[in-house]
Each structure stands twice: as C-alpha cells, then as structure tokens.
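Numbering (the UniProt record's numbering), first residue to last: 1 to 216.
Backbone N, C-alpha and C fix where the C-beta goes; we use that ideal spot for every residue, glycine too.
The structure appears right after this line, and notes come after that.
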C-alpha cells in the first residue's frame with residue numbers, strides 16, 4: 001500500500017531536496033507538487049486522494065499556515081506536516097492552531113522524515129526534538145502563549161493612528177475633524193476602516209486593542 005504524498009514549497013531547490021529524501025523509500029509516492037498555498041488548493045481540487053502534505057510555512061500568495069487551516073476545514077482526513085527552516089514559537093503555535101499534524105525542520109535526514117510521516121499517519125505527531133522542546137515550553141508558559149495569540153498583525157496608516165489617538169481622548173467626530181483639518185465624513189470613514197482592521201465594534205474595544213498591539 002503506497003503512501004500518497006504532496007509537497008508544497010516555493011523554493012524549487014528545497015522542494016527537490018525533500019523529494020530526493022522521499023525517493024529512498026519505496027512505500028512513498030509523490031502525487032504532485034505546488035509552489036504556494038493557492039496552487040496547493042487548486043491541485044487538491046484536481047486530486048485530493050492524498051494521505052499527507054509536506055507544507056512549507058513561509059510562502060508568497062498564500063502561506064502554509066493559512067492554507068493548512070483551509071485544507072483542514074475542507075479535507076480533514078489529509079494529514080499535514082509543516083516543513084520549515086524556522087522553529088520560532090509564533091510559527092509553531094500558529095501551525096498547531098491551524099490544525100497541522102506535525103512540524104519538522106527542513107534539514108531533517110531522510111530516515112527521520114520517513115519516520116515522521118509514518119508516525120503522523122499512525123496518529124502521532126512528527127516533531128524534531130528542538131520543536132518538541134519549544135512546544136513543551138510554550139505549553140508550560142501560558143503567558144507566552146497568550147502573548148503570541150494576541151500578536152495579530154494589524155497595520156494602521158499614520159492618519160488612522162492620529163484619528164484613533166483623538167478618539168481615545170474621548171473627542172467627538174466633529175472635534176477630531178477640526179483638529180486634523182478633515183471633514184466629519186472623512187473622520188467617520190477612517191473610524192470605519194479602523195474598526196474593520198482591528199475587528200472591533202466600539203471605540204473602547206478599538207483603543208484597547210490598538211494599545212495591546214502597540215499601535216498607539
């Protein structure tokens with residue numbers, strides 16, 4: 001019984017290196033390859049008859065963590081092992097949260113990669129020792145875990161930051177418009193954009209979240 005695998009990586013050299021490692025094992029067949037998360041979703045539509053996907057984390061167009069979440073929602077039976085050169089806490093935490101079944105570093109030797117695939121398909125979790133150690137540390141330190149969870153990437157323009165700062169002082173839309181030499185309707189539009197970006201529904205929530213993310 002062959003193990004059907006796909007590889008997703010935007011670096012052709014590293015993609016080939018992973019494929020070469022898998023070539024040592026007759027039990028594994030590489031069904032297809034993709035260079036980013038979007039192409040991976042397209043290929044899955046054509047052929048989702050897979051056991052496992054080896055997924056890069058950092059990719060253009062659609063990254064590994066985002067696409068893992070989408071795949072797990074649509075094809076929960078497919079196992080996903082993240083293959084990455086980075087073992088930082090945020091990537092590990094986000095990959096696990098997205099539903100990844102394992103997390104290996106790309107410099108892993110062929111035997112360890114193969115064992116990781118088998119372990120994952122048997123209900124375990126493929127992890128190199130350094131990643132396992134970092135995961136344990138994260139789980140033992142809930143504060144660090146919370147910090148990572150709340151570090152959402154939010155970017156506001158300079159003007160939006162100015163509006164939010166004035167809003168935080170309790171000023172009305174009219175007063176903010178006067179202070180920043182804007183029309184009230186422009187101020188309202190900026191506030192709508194701020195609420196959308198921060199995913200909040202009130203002035204208080206907006207100010208609190210902006211402070212938490214060091215935006216103001």
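- The DSSP-derived three-state label of residue 78 is coil.
- DSSP places residue 35 outside both helix and strand once states are collapsed to three, so it counts as coil.
- DSSP, reduced to helix, strand and coil, places residue 84 within a strand of the structure shown.
- Between residue 72 and residue 98, the C-beta spacing is below 8 Å.
- For the 8 Å CB-CB criterion, residue 36 and residue 61 form a contact.
- When only Cα atoms are considered, residue 52 and residue 44 end up about 12 Å apart.
- Annotation: the continuous alpha helix (DSSP H) that includes residue 16 extends over 12-22.
- For residue 54, the enclosing beta strand (DSSP E) stretches over residues 52-56.
- By the beta-carbon neighbour count (other beta carbons within 10 angstroms, threshold 16), residue 82 is buried.
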